[in-house]
Amino acid sequence: MAIHVKRNTGMMGGLAKVAVIVNGQYAAKLGNNEDTTFKSSESVKLKAKQWFFGSKEMEVVDDANLEVRINTVAVLLLLAAIVCLILGVILSPIITALAVILFFVCIIYSSKNWFQLIKVK
1 MAIHVKRNTG
11 MMGGLAKVAV
21 IVNGQYAAKL
31 GNNEDTTFKS
41 SESVKLKAKQ
51 WFFGSKEMEV
61 VDDANLEVRI
71 NTVAVLLLLA
81 AIVCLILGVI
91 LSPIITALAV
101 ILFFVCIIYS
111 SKNWFQLIKV
121 K
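Residue 121, in UniProt numbering, is where the sequence shown stops; the numbers in between run on with no holes.
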């Protein structure tokens, strides 16, 4: 069985390489629009990781084409926190406190949801 993984994260994820973890071990590091192929005779568990951001683990049992993408919900949560921080500095410390809480929520959520592994046809 062959598993083809391509990174397609666009501008938001283009600064550093994304590590592809196969069955708990680092298998490859992908830059934006790079791809790699893994061969295995049994099912494998894949995961993408970059610093403390990551994806949920995905089990693949047969040939597959996968794409690593950025989760738009996580990006929108980060942008909301940045906007609250800017408005908080200008308007009110209460909004700044809300921004800090949003940053913590974003970091916790993004630790396993920043990237998505999506099957492509």
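Note that CB positions come from ideal geometry on N, CA and C, so glycine has one too.
CB of residue i within 8 Å of CB of residue j, strictly
| i | j | result |
| --- | --- | --- |
| PHE115 | ASN71 | yes |
| VAL18 | VAL68 | yes |
| LYS56 | ASN113 | yes |
| LEU77 | VAL120 | no |
| residue 132 | SER92 | A query on residue 132 cannot be resolved here, the shown segment of the chain reaching from 1 to 121 and no further. |
As assigned by DSSP and simplified to three states, the class of residue i
| i | result |
| --- | --- |
| THR9 | coil |
| PHE53 | strand |
| ALA48 | strand |
| LEU87 | helix |
| GLU15 | The question names Glu, yet the displayed sequence has Leu at residue 15. Residue state, collapsed to three classes: coil. |
| LEU39 | Looking at the sequence itself, residue 39 is Lys, so the reference to Leu does not match. The answer is strand: DSSP assigns LYS39 an E or B state. |
| VAL60 | strand |
| SER92 | coil |
| ASN71 | coil |
Supposed close pair residue i, residue j - CB separation, criterion 8 Å
| i | j | result |
| --- | --- | --- |
| LYS45 | ASN65 | The Cβ separation is near 17 Å, so there is no contact. |
| ALA74 | TYR109 | 6 Å |
| MET1 | SER40 | 6 Å |
| ILE21 | LYS49 | 6 Å |
| MET58 | LEU117 | 5 Å |
Residues that residue i bridges to, as DSSP identifies them
| i | result |
| --- | --- |
| LYS29 | ALA19 |
| LEU66 | VAL5, LYS119 |
Proximity test, residue i beta-carbon vs the ligand SAH heavy atom, cut-off 7 Å
| i | result |
| --- | --- |
| SER110 | This structure simply doesn't include the ligand SAH, nor any ligand for that matter. |
Inter-stretch contact at 8 Å, needing at least 3 Cβ pairs: the segment 87-105 / the segment 28-37: no
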